[in-house]
Amino acid sequence: MASSNTKPKITLYVDTVSPFAYEAYHILRNDPVFKGVEVTYIPIFLGGLMHKCGNTAPIKIKNKDKWINLERLRWAQNFSVPMASGLPPDFPAPTLPIMRCLAALQSQEQLTKALDVLFSKHWVDCVATHIPDTLKSILVELFGAGEADAILEKSKNEAKAKLIANTDKAFDDGAFGLPWMTCTNSDGKTEGFWGVDHLGQVVQFLGLKGSVGAGDKGWRAVL
């Protein structure tokens, strides 16, 4: 069993098509509550996970399609996550090429650098990041022309298998949608949590402190 001094850990599975994955990502990256947590981000293909689970996309369910759009804006406002009021072009856009590129990256540093930009361009600036020329220009901006070409080449080859493996791992961890967080507390106990609205449970499970302030409506909404 892990010692009581083990640093709490979160694995967050993401796909840039999901506004709620973006919100969870932004909160884990920026909220001081998680500053003492070791967070790992793993790119998956949400469409593949949904198919594997036999799950139905919320936008294909009558009434839920309208509710879910309001819900993303509510949580964005509560946690001060930058979010456009309108939906990005072609929503839900086909993100498989994007996620394969992210799976081709070699480090968490590269991955977070790319996710910061891709999430922001898609959900704040409403850029059609799935368009090949746009995706390539973003990669060039981030990593330079030579590295961008290498990433795109890997995305057509070995990164395909890696993305499938990442998606299978999310499924094996219990995921059926995003955001999915696999969390391990300081006692070495691991549990899975789904949804921005369950971040309060994540905080409690990990024993994190200082999450609720008098003016912090985001945390007051989930605890």
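FYI, this note's numbering numbers position 10 of the sequence shown as 60, with every residue one higher than the one before it.
Virtual Cβ for every residue (Gly too), placed ideally from N, Cα, C.
Within the segment 105-189, the runs of alpha helix (DSSP H) that reach at least 4 residues and sit entirely inside it are, in chain order, 114-128, 146-153 and 158-173. Distance from PRO58 to VAL83 at the Cβ level is roughly 11 Å; contact not present, criterion being Cβ atoms closer than 8 Å. ILE201 carries a helical assignment under DSSP once its states are collapsed to helix, strand and coil. Using a Cβ distance threshold of 7 Å, MET149 and LEU213 count as a contacting pair. Taking each of HIS248, PRO144, PHE243 and VAL190 in turn and checking the Cα distance to LYS163, the smallest one comes out for VAL190. If you draw a 10 Å sphere on the C-beta of ASN128, you find 16 or more other C-beta atoms in it, and that means buried. Burial state of ASP81 is buried, judged by a 10 Å Cβ sphere holding 16 or more other Cβ atoms. Between VAL67 and THR184, the C-beta spacing is not below 7 Å. Around the Cβ of TRP173, a 10 Å sphere holds 16 or more other Cβ atoms; the residue is buried. When rounded, the separation of the alpha-carbon atoms in GLY250 and GLY196 is 43 Å. DSSP places LEU258 in the coil class of the three-state scheme, outside both helix and strand.
Looking at PHE70, LEU96 and ILE77, the one whose alpha-carbon comes closest to that of ALA215 is LEU96. Listed as beta-bridge partners of THR240 by DSSP are THR234. DSSP, read as helix, strand or coil, puts LEU228 in coil.
Membership of PRO93 in the beta strand (DSSP E) is indicated by the continuous run 88-93.
In the structure shown, VAL67 falls within a coil segment according to DSSP collapsed to helix, strand and coil. Taken through DSSP and simplified to helix, strand or coil, LYS206 comes out as coil. In this model, GLY242 and VAL252 are separated by some 9 Å (Cα to Cα). Per DSSP, the unbroken alpha helix (DSSP H) holding GLY98 starts and ends at 96-103.
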